[in-house]
Structure formats: C-alpha cells, structure tokens
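The block underneath contains the structure these notes are about, expressed in structure tokens.
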Amino acid sequence: MQFGKPMTALALTLALALGAPAMAAENHDHGGHEATVAALVLDEGAKWRGDQNMIDGMTAIRTVMAANLDAIHANAVTPAQSKGLAADVGRQLDFMIENCDLEPAADEQFHLVLAQVMDGASALEAGDVETGAVAIVQALNAYGAHFEHPGWEPLGH
0 MQFGKPMTAL ALTLALALGA PAMAAENHDH GGHEATVAAL VLDEGAKWRG
50 DQNMIDGMTA IRTVMAANLD AIHANAVTPA QSKGLAADVG RQLDFMIENC
100 DLEPAADEQF HLVLAQVMDG ASALEAGDVE TGAVAIVQAL NAYGAHFEHP
150 GWEPLGH
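Be aware that the sequence shown starts at 0, since it is given in numbering that gives the first Met the number 0, and climbs by one per residue.
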C-alpha cells in the first residue's frame with residue numbers, strides 16, 4: 000500500500016519509537032474475531048486537544064466508513080471497492096500527517112490512533128475487508144473517546 004513518504008516515515012517512526020511493549024493493546028471480541036486497539040490514555044482525565052486538520056481528517060475517515068458499513072456487514076464489498084476505501088482512508092492519513100500541528104503529548108497519543116487506522120487501511124488494500132473495517136472503526140471510536148472533537152459520534156461495528 001502506498002500512502003506516500005509521510006506515511007512511510009510515520010510507520011517507521013512508530014515502529015522504532017514505540018516498539019512492542021509501548022503498543023500495549025486490549026483485546027476486544029468482535030463476533031468471534033479478535034481485534035486490538037492501542038491503549039490510549041487521557042490527558043490527566045481530560046480529552047486531548049487537537050487541531051482542525053486532525054478534526055477534518057478524522058471526520059472524513061468516519062464519513063467514508065459510515066457510508067460503507069452496510070455493504071461491509073453484508074459482505075458485499077468487492078476487491079476494487081476495498082482498495083478504494085483504503086485509498087480514501089490513506090489520503091486522509093497523508094493529509095493529517097502532512098498538516099499535523101499537535102503538541103508533543105497529544106501527537107504521541109494521536110499516532111497510536113493513526114497506526115491503528117493505517118493497519119486497517121493496509122488490510123483493506125489487501126482485500127481483508129472485515130479485519131480492515133474493524134480496525135478502523137475501533138480506532139475511530141478510541142479517537143472519539145480520547146480527543147476533543149465537537150459533535151463526534153461513535154461508529155457502530
């Protein structure tokens with residue numbers, strides 16, 4: 000999957016900086032399928048403040064996923080559509096990475112969300128629609144629980 004140089008740099012940075020122990024995860028059951036969501040923390044009990052680029056990008060990813068959930072649940076997403084979803088999500092990831100202006104602690108937490116979305120987009124690109132969709136939806140919902148985003152609504156899986 001090609002997201003561009005910023006995405007590759009983020010993936011490498013996350014792998015090197017966070018390593019496996021720092022990417023502690025919780026297992027969640029999803030209809031007999033195991034999925035993980037990176038363990039995020041709040042900012043001393045409060046949601047993290049982001050920037051407008053983060054809000055715009057995450058809104059766009061949520062909109063794309065919400066528009067396709069019925070087809071995903073019906074197992075009606077073609078390989079071409081799955082690749083299209085991955086590309087749509089990838090464009091938003093690139094946008095957010097290129098335009099990120101978060102304070103360091105918030106940025107660190109947001110990168111955990113982005114890594115999960117990236118994993119989901121990679122699965123979609125490979126044609127694994129269910130795994131990709133679950134990863135992205137879980138990342139979106141974790142984002143909403145940990146970041147300030149006016150009007151954010153969780154997305155059902």
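For each residue, glycine too, the CB sits at the ideal point set by N, CA and C.
| Asked | Found |
| --- | --- |
| Between the Cα of Asp50 and those of Thr77, Leu111, Ala141, His148, spot the shortest distance and give me the residue it belongs to. | His148 |
| What residue does the alpha helix (DSSP H) around Phe94 start on, and which one ends it? | 78-97 |
| Over the uninterrupted alpha helix (DSSP H) stretch that includes Asp127, give me the two end residues. | Asp127 -> no alpha helix (DSSP H), and no H or E assigned at all. |
| Mark Ala21 as exposed unless 16 or more other C-beta atoms lie within 10 angstroms of its C-beta, in which case mark it buried. | Legend: pLDDT at Ala21 = 33, less than 50; position of this residue unreliable, value from coordinates given subsequently. With fewer than 16 other Cβ atoms within 10 Å, it is exposed. |
| Looking at the unbroken alpha helix (DSSP H) that takes in Arg61, where does it start and where does it end? | 51-72 |
| Considering only the alpha carbon of each residue, which of Ser121, Gln108, Val128 lies closest to Ala144? | Gln108 |
| By the 10 Å Cβ neighbour count, where 16 or more other Cβ atoms means buried, how is Glu124 classified, buried or exposed? | buried |
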